[in-house]
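Heads up: the structure comes next, in structure tokens.
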Amino acid sequence: MNKRTVTLLEGDGIGPEICDSVVRVFEAAGVPIQWERAFAGLAAIEATGNGVPPETLESIKRSGVALKGPTTTPIAGGHKSVNVTIRKALELYANVRLAKSMPAIETRFSNVNILIVRENIEDTYAGIEHFQTANVAQCLKLITRQGSEAVIRYTFEVARKLGRKRVTCVHKANIHKITDGLWLQVFREVAAEYPEITSDDIIVDNCCMQLVARPEQFDLLVLPNLYGDVVSDLCAGIVGGLGVAPGGNIGKTCAVFEAVHGSAPDIAGKGLANPTAILISSIQMLQHMGYIGHAEAIERAMTSALASGVKTRDLGGTATTTEYTDAIIANIVPVTNAEPVPSGAAADAKPLSTSSMKNWECVGVDVFVQHDGLPTMPNNIGPFTLRLMSNRGTKVWPGTTPDIFMVDHFRCRYVAEAPITRHDALALLTELTTQNVQWLHTELLWNDAQEAKYTKAQGE
Ligand code: NAI
Numbered sequence: 014m015n016k017r018t019v020t021l022l023e024g025d026g027i028g029p030e031i032c033d034s035v036v037r038v039f040e041a042a043g044v045p046i047q048w049e050r051a052f053a054g055l056a057a058i059e060a061t062g063n064g065v066p067p068e069t070l071e072s073i074k075r076s077g078v079a080l081k082g083p084t085t086t087p088i089a090g091g092h093k094s095v096n097v098t099i100r101k102a103l104e105l106y107a108n109v110r111l112a113k114s115m116p117a118i119e120t121r122f123s124n125v126n127i128l129i130v131r132e133n134i135e136d137t138y139a140g141i142e143h144f145q146t147a148n149v150a151q152c153l154k155l156i157t158r159q160g161s162e163a164v165i166r167y168t169f170e171v172a173r174k175l176g177r178k179r180v181t182c183v184h185k186a187n188i189h190k191i192t193d194g195l196w197l198q199v200f201r202e203v204a205a206e207y208p209e210i211t212s213d214d215i216i217v218d219n220c221c222m223q224l225v226a227r228p229e230q231f232d233l234l235v236l237p238n239l240y241g242d243v244v245s246d247l248c249a250g251i252v253g254g255l256g257v258a259p260g261g262n263i264g265k266t267c268a269v270f271e272a273v274h275g276s277a278p279d280i281a282g283k284g285l286a287n288p289t290a291i292l293i294s295s296i297q298m299l300q301h302m303g304y305i306g307h308a309e310a311i312e313r314a315m316t317s318a319l320a321s322g323v324k325t326r327d328l329g330g331t332a333t334t335t336e337y338t339d340a341i342i343a344n345i346v347p348v349t350n351a352e353p354v355p356s357g358a359a360a361d362a363k364p365l366s367t368s369s370m371k372n373w374e375c376v377g378v379d380v381f382v383q384h385d386g387l388p389t390m391p392n393n394i395g396p397f398t399l400r401l402m403s404n405r406g407t408k409v410w411p412g413t414t415p416d417i418f419m420v421d422h423f424r425c426r427y428v429a430e431a432p433i434t435r436h437d438a439l440a441l442l443t444e445l446t447t448q449n450v451q452w453l454h455t456e457l458l459w460n461d462a463q464e465a466k467y468t469k470a471q472g473e
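Position in the sequence shown (first residue = 1) + 13 = this note's numbering.
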């Protein structure tokens with residue numbers, strides 16, 4: 014059988030010890046891969062001044078798959094996090110975490126097996142934040158059709174490959190009608206292409222409540238970035254905490270798997286590190302590569318070792334990293350001649366058509382204005398009429414001003430009877446500037462349907 018190459022980044026602290034455990038277990042299981050070692054983290058910084066040298070990225074691009082030990086992020090010195098650098102450089106758009114009950118790890122629940130797929134690039138994590146006034150900060154939540162489709166399609170492909178039966182879309186589309194509404198709409202469009210897999214959706218707050226009450230009901234969750242960040246840690250807590258949580262970051266052409274925990278400098282080199290999380294990450298990696306048989310063999314061996322009471326100190330046992338690894342190896346039934354299951358067809362799938370703006374018409378402008386107390390805004394400017402003003406999302410004009418706490422940041426909605434142009438919008442801003450209005454930024458409002466949705470989305 015041809016051996017595939019996998020890039021191995023041992024990382025810092027306990028990284029080399031736990032990676033060594035994976036290397037030994039893979040050898041014992043007869044996994045048909047060869048490792049290509051590359052640097053990342055402190056050692057790379059010392060040698061090259063760069064936490065992720067270009068050769069490391071080249072190696073991952075060549076092999077398409079990497080296993081990464083934890084890396085220490087120096088607090089001073091301005092070094093960027095290795096993880097963030099790798100994620101951005103390789104455009105790893107999906108984060109996959111498995112939350113599965115394990116013997117020897119006592120928790121309230123015993124039958125949990127949830128795969129959590131989180132969008133990894135967009136949402137509020139695009140990091141587009143601005144102070145609007147000295148008292149008001151704003152963050153943009155970006156959800157795109159293409160970004161959503163990539164991660165949702167990947168989720169259904171994983172479901173297909175691993176034989177998972179149900180995919181649940183997590184959202185808050187009842188409030189974020191446009192952004193999460195788009196996420197949910199794309200989910201429904203993609204789900205229609207996988208009729209053999211049950212698909213449903215749940216609002217994120219209800220999802221959290223259900224997870225702590227009856228986690229065993231969920232199979233595969235797919236979430237936008239922010240909810241995914243929170244819910245994946247919640248799921249890790251349900252099955253025993255971050256110390257045993259595995260993860261993978263998936264891109265179009267590369268994937269990087271690693272444990273969720275850090276480099277544990279306090280126990281590095283002492284033989285106390287628990288390699289369970291990185292071993293489960295490596296099992297996820299084997300599944301990703303199609304080596305389902307090897308993944309199962311290693312998981313069974315690890316489960317048997319834990320069930321027989323061999324566990325590291327952090328789990329209440331006395332075994333060293335080496336003793337625990339030996340116990341896993343002793344339980345391995347080597348897999349011979351297991352050809353990889355071909356990877357999913359995601360790359361060949363026809364992408365959903367993107368929406369065109371051909372028929373969109375601009376019908377107004379939201380102008381955001383800095384003012385202490387309710388401003389007196391001109392009612393009519395050119396083709397525009399002032400429709401409403403709101404403060405922190407609550408309508409404060411027209412009609413009786415509600416008795417609410419107001420900040421110095423007002424949204425003033427100007428709409429026109431007929432479609433307007435950008436020249437009209439500029440003329441509106443010029444006139445407001447002439448009248449000494451302290452405007453901050455603007456948003457164009459597109460066509461009637463969009464404007465109606467936009468208005469509803471603000472709870473008005
Ligand atoms: P940490 O996860 O390294 O350690 C927290 C506690 O958990 C420590 O007491 C440690 O001994 C214990 N621990 C962690 N993993 C363990 C394992 N496999 N077996 C036994 N005990 C384990 O978190 P901390 O101390 O906040 O971070 C240390 C360094 O790791 C920092 O430089 C941080 O930036 C980095 N880090 C790297 C990550 C990555 O590369 N994926 C993720 C999180 C942190």
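From the three backbone atoms N, C-alpha and C, an ideal C-beta is built for every residue, glycine too.
Other residues of its chain near residue i: CB distance less than 7 angstroms, five sequence neighbours each side excluded
i       : result
Gln-383 : Thr-146, Asp-421, His-422, Gln-451 and Leu-453
Ile-165 : Val-199, Phe-200, Val-203 and Val-235
Gly-26  : Pro-83, Thr-85, Ser-276, Ala-277, Pro-278 and Ala-281
Asn-392 : Thr-398 and Leu-399
Counted within 10 angstroms of its Cβ, other Cβ atoms place residue i as buried (16 or more) or exposed
i       : result
His-436 : exposed
Gly-24  : buried
Gly-82  : buried
Leu-153 : exposed
Leu-458 : buried
Ile-88  : exposed
Ala-429 : buried
Gly-260 : buried
Val-273 : buried
Val-171 : buried
Ile-73  : buried
Gly-241 : buried
Glu-30  : buried
Pro-228 : buried
Leu-233 : buried
Glu-271 : buried
Gln-178 : Correcting the residue type first, residue 178 is Lys in the shown sequence and not Gln. Counting Cβ neighbours within 10 Å, Lys-178 comes out exposed, since fewer than 16 surround it.
Gly-62  : exposed
Ala-358 : Because the pLDDT of Ala-358 is 47, which lies under 50, any placement of that residue in the model is unreliable, and the question is left without a value.
Asn-372 : exposed
Contact check, residue i vs residue j, beta carbons under 8 angstroms
i       : j       : result
Ile-293 : Ala-318 : no
Arg-10  : Gly-377 : Any question about residue 10 goes unanswered here, given that the chain covers just 14 to 473.
Glu-135 : Ile-156 : yes
Tyr-138 : Gly-264 : no
Val-125 : Ile-215 : no
Arg-158 : Asn-238 : no
Ile-129 : Ser-245 : yes
Ala-42  : Ile-345 : yes
Ser-76  : Val-19  : yes
Gly-254 : Thr-334 : no
Ala-205 : Gly-256 : no
Val-354 : Thr-455 : no
Ala-314 : Arg-110 : no
Val-348 : Gly-306 : yes
Residue i: first and last residue of the uninterrupted beta strand (DSSP E) it sits in
i       : result
Val-19  : 17-22
Lys-74  : Not the beta strand (DSSP E): Lys-74 falls in the alpha helix (DSSP H), residues 67-76.
Ile-216 : 211-216
Leu-111 : 105-113
Gln-151 : 149-152
Thr-407 : 407-410
Val-183 : 179-184
Cys-425 : 423-429
Ile-296 : That residue, Ile-296, is in no beta strand (DSSP E); its alpha helix (DSSP H) goes 289-302.
Asn-404 : 397-404
Pro-208 : No beta strand (DSSP E) holds Pro-208; DSSP gives it neither H nor E.
Range of the contiguous alpha helix (DSSP H) that encloses residue i
i       : result
Lys-174 : 158-175
Asp-379 : Segment 375-382 is the beta strand (DSSP E) holding Asp-379; no alpha helix (DSSP H) there.
Thr-61  : 55-61
Glu-312 : 305-320
Gly-241 : 238-251
His-436 : 435-447
8 angstroms CB neighbourhood of residue i in its chain, flanking five on each side removed
i       : result
Val-65  : Ala-53, Ala-57, Val-95, Thr-98, Ile-99 and Ala-102
Pro-388 : Val-382, Met-402, Phe-423, Cys-425 and Val-450
Ile-417 : Asn-404, Arg-405, Thr-407 and Val-409
Cutoff 6 angstroms; reference residue i; Cβ partners in own chain excluding five residues on either side
i       : result
Thr-325 : Asn-287, Ala-332 and Tyr-337
Glu-464 : Unreliable positioning characterises Glu-464 in this predicted model, as indicated by a pLDDT of 46, which lies under 50. The coordinate reading is nonetheless provided below. For Glu-464, where only same-chain residues beyond five positions count, the Cβ hits under 6 angstroms are Val-376 and Leu-458.
Tyr-207 : Phe-169
Can you pull every residue whose C-beta falls closer than 5 angstroms to some heavy atom of ligand 1, listed in chain order? Pro-83, Thr-84, Thr-85, Thr-86, His-274, Gly-275, Ser-276, Ala-277, Asp-279, Ile-280, Ala-286, Asn-287 and Asp-327
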